[in-house]
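If you read the sequences in order, they're chains C and B.
If you read the first sequence in my numbering, its first letter stands for residue 89, the second for the next number, and so on.
If you read the second sequence in my numbering, its first letter stands for residue 99, the second for the next number, and so on.
Where a beta carbon is used, it is the ideal one built from N, C-alpha and C, also for glycine.
Predicted model only: the values in this text are computed from it and were never measured.
Below is one structure; the comments refer to it alone.
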Amino acid sequence: MVFVNSLVPLTLLLWDAAHRRMGANPLEFATRTTGMLTLVFLLISLAVTPARKLTGWQWLGKHRRMLGLFAFFYGFLHLMTYVWFDKFFNLKAAALDILNRPFIAVGMAAFFIMVPLAITSTNKMVKRLGGKRWNRLHRIVYLSGALGALHYYMLVKADTRLPLTLAAVLGVLLGYRLFIKYIQPKPPARLLAPPR
Amino acid sequence: MVIKKPSDIKSSEITDKKVYLNRRLFMRGAALAGSALATGWLYRSLNAPPPPPRVNAKIENIVKPQPTFEVPAVNEKLTPLESITTYNNFYEFDTNKGGVASAAADFVTRPWSVSVEGLVNKPKTFDIDELIGLAPQEERIYRFRCVEGWSMVIPWDGFPLSKLLEAVEPQSSAKYVAFQTLYDPKRMPNQSSGILDWPYVEGLRMDEAMHPLVILATGIYGEVLPPQDGAPVRLVVPWKYGFKSIKSIVKIKLVGTEPPTTWNIAAPDEYGFYSNVNPQVNHPRWSQARERRIGEFGTRPTLMFNGYAEQVAHLYDGMDLKKYF
Numbered sequence: 089m090v091f092v093n094s095l096v097p098l099t100l101l102l103w104d105a106a107h108r109r110m111g112a113n114p115l116e117f118a119t120r121t122t123g124m125l126t127l128v129f130l131l132i133s134l135a136v137t138p139a140r141k142l143t144g145w146q147w148l149g150k151h152r153r154m155l156g157l158f159a160f161f162y163g164f165l166h167l168m169t170y171v172w173f174d175k176f177f178n179l180k181a182a183a184l185d186i187l188n189r190p191f192i193a194v195g196m197a198a199f200f201i202m203v204p205l206a207i208t209s210t211n212k213m214v215k216r217l218g219g220k221r222w223n224r225l226h227r228i229v230y231l232s233g234a235l236g237a238l239h240y241y242m243l244v245k246a247d248t249r250l251p252l253t254l255a256a257v258l259g260v261l262l263g264y265r266l267f268i269k270y271i272q273p274k275p276p277a278r279l280l281a282p283p284r
Numbered sequence: 099m100v101i102k103k104p105s106d107i108k109s110s111e112i113t114d115k116k117v118y119l120n121r122r123l124f125m126r127g128a129a130l131a132g133s134a135l136a137t138g139w140l141y142r143s144l145n146a147p148p149p150p151p152r153v154n155a156k157i158e159n160i161v162k163p164q165p166t167f168e169v170p171a172v173n174e175k176l177t178p179l180e181s182i183t184t185y186n187n188f189y190e191f192d193t194n195k196g197g198v199a200s201a202a203a204d205f206v207t208r209p210w211s212v213s214v215e216g217l218v219n220k221p222k223t224f225d226i227d228e229l230i231g232l233a234p235q236e237e238r239i240y241r242f243r244c245v246e247g248w249s250m251v252i253p254w255d256g257f258p259l260s261k262l263l264e265a266v267e268p269q270s271s272a273k274y275v276a277f278q279t280l281y282d283p284k285r286m287p288n289q290s291s292g293i294l295d296w297p298y299v300e301g302l303r304m305d306e307a308m309h310p311l312v313i314l315a316t317g318i319y320g321e322v323l324p325p326q327d328g329a330p331v332r333l334v335v336p337w338k339y340g341f342k343s344i345k346s347i348v349k350i351k352l353v354g355t356e357p358p359t360t361w362n363i364a365a366p367d368e369y370g371f372y373s374n375v376n377p378q379v380n381h382p383r384w385s386q387a388r389e390r391r392i393g394e395f396g397t398r399p400t401l402m403f404n405g406y407a408e409q410v411a412h413l414y415d416g417m418d419l420k421k422y423f
C-alpha cells in the first residue's frame with residue numbers, strides 16, 4: 089500500500105513527461121518536482137513516530153523505513169536530473185558549480201547524509217549495528233532534512249514561503265522528539281510496553 | 099483421496115469461505131486503488147502542469163521592418179508562443195512560472211492609462227489606445243535572457259520608447275526614466291503578499307531609454323499581449339536581464355537621479371541597477387556564463403549584452419561593469 093502510493097507521483101511525473109506536459113522548461117519542472125518529493129517524503133517518514141505515539145496506532149511504525157527509502161529514492165532522482173540532464177555527467181562543471189553555488193553544495197550534503205542511512209536500512213544491518221547504535225545513526229536524518237530545507241531556501245529568489253513552511257514542519261517534528269526525550273516525564277518502567 | 103458425498107458437505111461453509119476471500123481481496127484492491135487515486139489527486143492539485151494558453155486577438159497593420167545595424171536580425175529559432183505564454187515570471191500574480199497564465203487570465207486591461215510625467219515639457223496621461231497609436235507597431239525579434247539562466251527568442255510587437263519620450267519633450271535635467279507597474283491587489287492578487295515591495299518599479303538611464311532597441315511592447319507573434327506577459331504595455335530592453343523589462347506599466351517619470359528598482363531593493367548585492375546581461379559577472383548564487391534556451395535540451399553560452407554588444411557597448415564605455423553590475 090505504502091509502496092504503491094509512493095510510486096504514484098513518479099508515475100504521474102513520467103506520464104507528464106511522455107505526454108510533453110511539463111511546461112516550457114521540462115528539466116526545471118522535473119528537478120523541482122523530484123526535489124519537493126524528496127523533502128515531502130522525508131517529512132512524512134519523520135512524522136511516522138510522532139503520529140504513532142499520538143494515535144497509539146502501532147502499525148504505522150513498520151512503514152517508516154519504506155517512506156524514508158522513498159525520500160532517498162526521490163533525492164537520487166533529483167540529483168540525477170541535475171547531474172545527468174543539467175550537467176550531462178560533466179563532473180568538472182558540477183564540481184565548479186558546487187564551489188560557485190553554495191545551495192548546490194548544501195543540497196549535495198543533504199543527499200550524501202542519506203546514503204549511509206539507506207545502506208543501513210536492511211534488517212541485517214539493523215541487527216549488525218544494534219538497535220541503539222542504529223537509532224543514534226539514523227538521527228542524522230534531521231540534519232539531512234534541515235540541509236534540504238536550507239537548500240530550497242537558498243535557491244528561491246524572493247518567495248521563501250514554501251521552504252520556510254517545510255522548515256517549520258521539520259522544526260515541529262524535531263521539537264516533538266526533543267520534548268518526548270528531555271522534557272516529558274517518563275512513565276514508570278513497569279508501564280512501558282515490552283520491546284518489540 | 100476421499101470423495102465426499104454431497105450430503106456430507108455443508109454448502110454454506112464452502113460459499114462462505116469463497117465469499118470471505120473474495121471480499122478480502124476486493125477490499126484490499128479497493129483500498130489500494132482508492133488511496134492511489136487520492137495520492138494522485140493530491141499530487142496533481144499541488145503540482146499541476148500548466149494549462150494550454152488562451153487564444154488572443156490579432157493586431158492589425160504590423161510593420162515588419164528590415165533589420166538594420168540598430169536593430170540586428172536574430173537568426174535563431176523563435177520560441178513557440180505556447181512557451182512564451184505559459185512560462186512567466188510575474189510575481190504580482192504567482193511566483194510559480196507555470197501558474198501565472200491562469201492566475202492572470204481574467205486581468206482586465208481596458209480602460210488603462212499611462213501617466214508620463216516628471217522633468218518634461220508636456221506631461222500627459224495617455225489612454226492606452228492613444229499610446230499605442232503614437233507610432234506604427236513594428237515586429238521586433240529579440241533574444242530574452244532571464245537572470246535565472248533561461249532564455250527565449252520572442253517576436254515582440256511594439257514601438258520604440260524614444261517615440262513616447264520625444265512626444266513629451268524631456269528637459270535637459272532629465273537623466274533617468276523611472277517606470278511603475280500597476281498597484282491593485284484586487285486585480286493582482288499576489289500584491290497582498292509581502293514577497294516584494296509593491297508596486298514593482300524599474301529604471302533606465304536616459305541614453306539607455308532613448309536607444310532604438312528599447313521598445314514598449316503591446317503584442318507577441320502579432321497577437322495582443324496576454325496578461326501574463328505584461329498587458330497592455332510593457333518595456334523590452336533586450337540587452338538586460340528580463341526583470342528590467344517591467345510589465346503592465348501605469349507610470350513613466352523622468353527624473354534627475356537614479357531611481358530605485360524593485361529587485362535591487364529586495365537584494366542589492368544580487369541585482370544591480372544596470373543588470374546588463376554579462377556572462378563574466380556571476381549572480382552570487384549561480385553562474386551566468388551559460389543559459390538554457392527554452393525548448394532546447396542542452397545549454398548554450400550567454401553572449402555579452404545578450405548578443406547586442408555592437409549596438410549598446412558604447413553606452414558603458416569606461417564603466418567597470420563588475421562594479422556597476
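Across the structure, C:G233 and C:Y162 are spaced so that their CA atoms are roughly 13 angstroms apart. For B:S385, there is no enclosing alpha helix (DSSP H), as DSSP gives it neither H nor E.
With a threshold of 8 angstroms between beta carbons, C:M202 makes no contact with chain B. When C-beta atoms of the region 407 to 416 of chain B are compared with those of the region 305 to 318 of chain B, three or more pairs fall below 8 angstroms, so the two segments count as touching. One finds V96, L100 in chain C with Cβ atoms closer than 7 angstroms to the Cβ of B:G138, taken in chain order.
For B:G196, a Cβ of chain C is located within less than 8 angstroms of the residue's own Cβ.
Secondary structure note for B:A199: its alpha helix (DSSP H) is the uninterrupted segment 198 to 201. Between B:Y414 and B:S373, the CB-CB gap reaches or exceeds 8 angstroms. Listed along the chain, the chain B residues whose CB falls inside 7 angstroms of the CB of C:V92 are L130, A134.
Its Cα nearest to that of B:I226, the residue B:R332 stands out among B:R398, B:R332, B:T359. Taken in chain order, the members of the region 230 to 264 of chain B whose beta-carbon sits within less than 9 angstroms of a beta-carbon on chain C are V245, E246, W248, M250. Between C:M154 and C:V244, the gap from beta carbon to beta carbon reaches 8 angstroms or more. For B:N120, not one C-beta of chain C is nearer than 8 angstroms to its own C-beta. Membership of B:S181 in any beta strand (DSSP E) is not indicated; the residue belongs instead to the alpha helix (DSSP H) covering 179 to 184. Taking 8 angstroms as the threshold, the shortest C-beta distance from C:R189 to chain B falls below it.
Sequence-distant Cβ neighbours of B:P358 in its own chain, meaning closer than 7 angstroms and more than five residues away, are V299.
When 9 angstroms is used as the limit between beta carbons, B:S181 is near these residues of chain C: G111, A112, N113, in chain order. Residue contact with chain C for B:W384: present (Cβ-Cβ distance below 8 angstroms to some residue of chain C).
For the region 350 to 375 of chain B, the residues whose beta carbon sits under 7 angstroms from a beta carbon of chain C are, in order, A364.
Counting only the Cα atoms, C:I201 lies some 21 angstroms from C:L266. For C:A246, the nearest beta carbon of chain B is closer than 8 angstroms to its own beta carbon.
With a threshold of 8 angstroms between beta carbons, C:M89 makes contact with chain B. Using a Cβ-Cβ cut-off of 8 angstroms, B:L323 does not count as an interface residue toward chain C, since no Cβ of chain C sits closer than that to its own. The C-beta separation of B:I252 from B:I160 comes to about 14 angstroms, leaving the pair out of contact by the 8 angstroms criterion. In this structure, C:L100 lies near B:Y141, with their beta-carbon atoms less than 8 angstroms apart. DSSP assignment within the region 152 to 217 of chain C yields the following whole alpha helix (DSSP H) runs of 4 residues or more, N-terminal first: 152 to 168, 179 to 188, 190 to 207, 211 to 217.
Taking all protein chains shown into account, B:G231 has fewer than 16 neighbouring C-beta atoms within 10 Å of its C-beta and is therefore exposed. Between B:E368 and B:H381, the C-beta spacing is below 8 angstroms.
Taking 8 angstroms as the upper bound on Cβ-Cβ separation, chain B lies near residues L115, E116, F117, T121, M124 of the region 114 to 127 of chain C.
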